Amino acid sequence: MCSTGSSSSSSPIGIHQATPGQFVQLPHGVPPALLPGSTLPPRVIQISSPGGWERFVENLIEVRPHITVGGKLDVRKLNPIAAKYDITYQEPS
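The numbering of the sequence shown is the working numbering, which starts it at 73 and goes up by one.
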């Protein structure tokens, strides 16, 4: 749910804009992209089901210095960690 600002989500099924009070569904197995949709940074609440994603985020915070290049996440370094949680991020070609 978007609580302030706006957020755009993009997936193979379309582009959706969420403003305060609106929800965006991120279907399982469909690679989404969440992007700021306004100059005011969006604040969002994410509810993941089934649970477990929060453990991935905790692990990500711990290893972030080892998987970033120039302040940005390196997907190739991120995927081996994400795989422990059955998560795969698309790598650039």
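Here a beta-carbon is modelled for each residue, glycine too, at the ideal position from N, C-alpha and C.
All figures in this text were calculated on a predicted structure; none of them were measured in a lab.
Excluding the 5 residues flanking residue i on each side, which residues of the same chain have their C-beta closer than 6 Å to its C-beta?
{"i": "Pro104", "result": "Ser81, Ser83 and Leu98"}
{"i": "Lys60", "result": "Given a span of 73 to 165 for the chain in the structure shown, any question on residue 60 remains unanswerable."}
{"i": "Val96", "result": "Ser81, His88 and Ala90"}
In its own chain, which residues sit with a C-beta less than 8 Å from the C-beta of residue i, not counting the 5 before and 5 after it?
{"i": "Asp146", "result": "Ile139 and Thr140"}
Hey, quick one: how far does the beta strand (DSSP E) through residue i stretch, first residue to last?
{"i": "Pro108", "result": "Ala105 to Pro108"}
{"i": "Ser78", "result": "Unbroken run through Ser78: none, as it is neither H nor E."}
Going by beta carbon distance, what residues of the same chain come within less than 7 Å of residue i, once the five residues before and after it are set aside?
{"i": "Ser78", "result": "Gln89, Ala90, Thr91, Gly109, Ser110 and Pro114"}
Just curious, the alpha helix (DSSP H) that residue i is in, first and last residue?
{"i": "Ile87", "result": "That residue, Ile87, is in no alpha helix (DSSP H); its beta strand (DSSP E) goes Gly86 to Ala90."}
{"i": "Ile133", "result": "Trp125 to Val135"}
{"i": "Val147", "result": "Val147 to Ala155"}
* Asked: Looking at C-beta atoms only, is the number of pairs between the stretch 153 to 163 and the stretch 113 to 123 that lie closer than 8 Å three or more?
  -> no
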